[in-house]
Amino acid sequence: MRITNTMISNSAKNHIANAKNKLLKHEEQYTSQQKIQRPSDDPTVAVRSLKLRTTYSQVTQYIEKNVQDALNWMDMTEGSLTNIGKMLDTMKHFLVQGNVDEMKADERKSVVQTLKKNVEGIFQNEANADYSGRYLFTGYRTDTSLIFPSLTDNLEYKITENFNYDSLRCVTSVIGGASYNADTSAGQEYVDSAATTTTAYRLQLAYTNCATEVNFETGMDEAIQFTFTNKNGEDITDDILSGALRVELSTASNTVREVADDDVLFLYDTGEILVGKNVFNAIQENQAAISVNYLKSEFKQFDVRPEMYFKAECHDVITDKTIKYSEPKDQTIRYEVNFNQTINVNTQARDAISTDIYRTIEYIEQNVQYVDEAETKIEECEKLIKNTTDEAELDKLKSLKVTLEDELQLRVKVMSEAFGIGLTMVDDVQVKLNIAVADLGAKYNRTQLTYDKLLDSRLDTEDKLSENEGVSLPDVLINLTQSNNLYQASLSATSKILGNSLLSYI
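According to the numbering used here, the sequence shown is numbered sequentially starting from 287.
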């Protein structure tokens with residue numbers, strides 16, 4: 287085969303170009319400290335790099351956004367629950383004081399006001415807390431406050447509240463009572479009208495001042511309805527609980543609060559349901575679950591929204607629209623905190639903060655008021671005795687005073703029992719609250735462990751990225767030197783070869 291000068295020249299040019307390309311490649315690696323500058327340099331490295339960078343971006347998103355947001359949400363929730371626990375401890379101290387100490391009227395008022403302030407703090411400040419504009423304890427309705435921000439009289443609710451057979455509590459009430467009457471003919475009339483006590487079994491609804499009339503379509507014929515079911519969820523056909531109960535609407539101010547054995551008394555202004563002995567026994571024997579449908583309108587400022595705790599129907603009297611709310615259970619807000627891993631970050635108010643907190647304090651306040659009224663009647667009677675000289679009238683007033691003093695003792699005893707009920711309530715609420723705090727703590731720890739794993743994963747991904755894309759400076763420097771030597775050698779050899787031609791040998 288004949289080798290021409292053109293062939294030698296073309297071959298030399300190709301070798302020089304290859305040497306120059308290798309030199310350029312190693313020079314770019316040395317200056318950029320990256321293996322490739324474009325995918326075509328090494329498709330395998332490029333594909334692996336894309337996957338690693340996607341993983342790194344996702345891990346960074348979890349670390350800096352999702353997990354941090356979840357931890358911050360749970361931090362805020364834990365702070366609120368901790369503050370509620372502290373306020374319950376404070377309430378417990380004053381409830382013990384009210385249950386044990388013999389307080390004067392101003393001291394009782396001070397204790398009640400302190401208890402009410404703590405209740406306000408629990409619901410207005412802590413239970414209604416928000417994180418970045420999202421309410422913490424309202425389930426899916428993070429844009430709706432737990433409580434009514436102002437007086438609301440355009441909404442009417444049908445509320446379904448569920449109780450267990452062990453929700454009934456035996457309570458003592460004082461009925462009757464004497465009052466001064468100028469037309470009384472003898473002191474015995476005061477004695478005959480003396481106050482007595484009666485006991486009944488009570489269910490306490492979540493609201494006071496319930497409605498007594500059905501003003502919108504609810505499927506109810508009366509202002510209150512009861513459903514009794516057994517442990518299998520079947521309606522109870524017991525003769526006493528079969529629906530033949532006589533439900534009497536009454537007010538707490540009504541002096542007649544005795545409940546017949548087969549009857550149910552609904553005190554709509556105090557939100558209490560009193561049941562007779564036979565009804566109570568039937569409920570216990572059947573271990574009945576009790577579902578109560580009742581009506582409520584005209585919500586005060588800071589009242590809890592019914593849909594946050596119960597199944598409810600809400601009717602707006604202005605727009606004439608009705609909204610049905612299902613029972614707000616298991617409304618979990620989940621954050622994706624890792625690949626295919628989510629965690630529930632929220633705690634619902636109904637699972638941690640019982641409405642018994644404010645209802646029991648209202649019951650205590652009511653009984654404290656009864657004691658104050660009894661003391662006021664005694665003071666007025668004493669004034670009359672001081673200003674009376676008529677012996678017959680004086681005897682009647684003394685009989686009245688003795689009767690009122692007996693009533694006061696009964697009122698004080700019931701008030702003391704109310705403070706005792708308050709102590710039991712705080713214990714029960716603290717148990718519920720502690721369970722919620724423990725559950726939140728477990729979720730927080732899991733999230734923190736995930737966060738630590740993500741930090742390790744990001745560091746590992748960074749190492750893999752560096753290994754896949756980066757170069758070793760000593761190695762690339764050696765390659766660069768070799769490429770430069772090769773390039774210089776190719777230039778030198780070419781200059782020697784192409785410097786000779788056929789004319790040089792003629």
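Where is the CB? At the ideal position from N, CA and C, for every residue including glycine.
These figures come from a predicted structure and were not determined experimentally.
* I650 in three-state terms, based on DSSP -> helix
* Following the continuous alpha helix (DSSP H) through L381, name the residue where it begins and the one where it ends. => V353 to V386
* On the three-state DSSP scale, how would you describe R620? -> If DSSP states are grouped into helix, strand and coil, R620 belongs with the strands.
* Asked: What alpha helix (DSSP H) runs, 4 residues minimum, are completely inside the region 576-628?
  -> The alpha helix (DSSP H) runs of length 4 or more contained entirely in the region 576-628 do not exist; there are none.
* How is L551 classed by DSSP in three states: helix, strand or coil? -> strand
* **Cβ contact (3+ pairs, closer than 8 angstroms) linking the region 454-463 and the region 484-494** => yes
* To do: Assign T541 to buried or exposed, taking buried as 16 or more other Cβ atoms, counted over all protein chains shown, within 10 Å of its Cβ.
  => Bear in mind that a pLDDT of 46 at T541, under 50, signals an unreliable position, so the number given afterwards is only what the model happens to contain. Per the 10 Å Cβ criterion, exposed.
* **the region 589-604 touching the region 558-574, judged by at least three CB pairs closer than 8 angstroms** => no
* To do: Can you check DSSP and say which residues form a bridge with D521?
  => T515
* Asked: What did DSSP end up calling E442 once you bin it into helix, strand or coil?
  -> strand
* Asked: What residues in its chain sit with their C-beta under 8 angstroms from that of V345, if we drop five residues either side in the sequence?
  -> L740, S743, R744 and T747
* So the beta strand (DSSP E) L489 belongs to, where does it begin and stop? -> Per DSSP, L489 is one residue of the beta strand (DSSP E) stretching across T482 to Q490.
* Under a three-way DSSP split, which group does S778 fall into? -> helix
* Have a look at the DSSP bridge pairing and note the partners of F449. => I576
* To do: Could you tell me which of S612, T633, D616 and S640 sits nearest to V590, measuring between CA atoms?
  => S640
* Start and end of the alpha helix (DSSP H) containing E475? -> G473 to D478
* Go through its chain and collect everything with a Cβ distance to N273's Cβ below 7 angstroms, but skip five positions before and after it. => The structure shown has nothing for residue 273, since the chain only spans 287 to 792.
* **E677 burial status per 10 Å Cβ neighbour count (16 or more: buried)** => So E677 counts as exposed.
* Identify the continuous alpha helix (DSSP H) that holds T793 and give its terminal residues. => Given that the chain is displayed from residue 287 to residue 792, the structure contains no residue 793 and the question cannot be resolved.
* **V353, buried or exposed, once every other Cβ within 10 Å from all chains shown has been counted against 16** => buried
* Separation of V715 from A574, as counted between CA atoms -> 23 angstroms
* Nearest to L527 (by Cα), restricted to the options T513, T733 and N518 -> If we check each option's Cα against that of L527, T513 comes out closest.
* Compute the beta-carbon to beta-carbon distance between F434 and Q587, rounded to the nearest angstrom, for a pair I have assumed lies under 8 angstroms. => Beta-carbon to beta-carbon, F434 and Q587 are separated by about 6 angstroms, close enough to satisfy the 8 angstroms threshold.
* To the nearest angstrom, how far is it from the Cα of T556 to the Cα of T628? -> 44 angstroms
* **Contact between the region 348-364 and the region 406-420 (3+ Cβ pairs under 8 angstroms)** => Because the criterion of three Cβ pairs below 8 angstroms is met, the region 348-364 and the region 406-420 touch.
* Below 8 angstroms, can you find three or more Cβ-Cβ pairs linking the region 515-524 to the region 489-498? -> no
* Asked: What are the residues that DSSP puts in a beta bridge with N632?
  -> Bridge partners of N632: none, in fact.
* CA nearest to the CA of N404, picked from R427, Y426 and K372 -> K372
* Would you check if there are 3 or more beta carbon pairs closer than 8 angstroms linking the region 423-443 to the region 461-470? => Segments in contact, no.
* Asked: What does a CB cutoff of less than 6 angstroms around Y611 pick up in its chain, not counting 5 residues either side in sequence?
  -> Excluding sequence neighbours, Y611 sits near E593 and A598.
* Are T633 and L726 touching if we call contact CB-CB under 7 angstroms? -> yes
* Asked: Does the region 648-667 come close enough to the region 686-703 that 3 or more CB-CB pairs lie under 8 angstroms?
  -> yes
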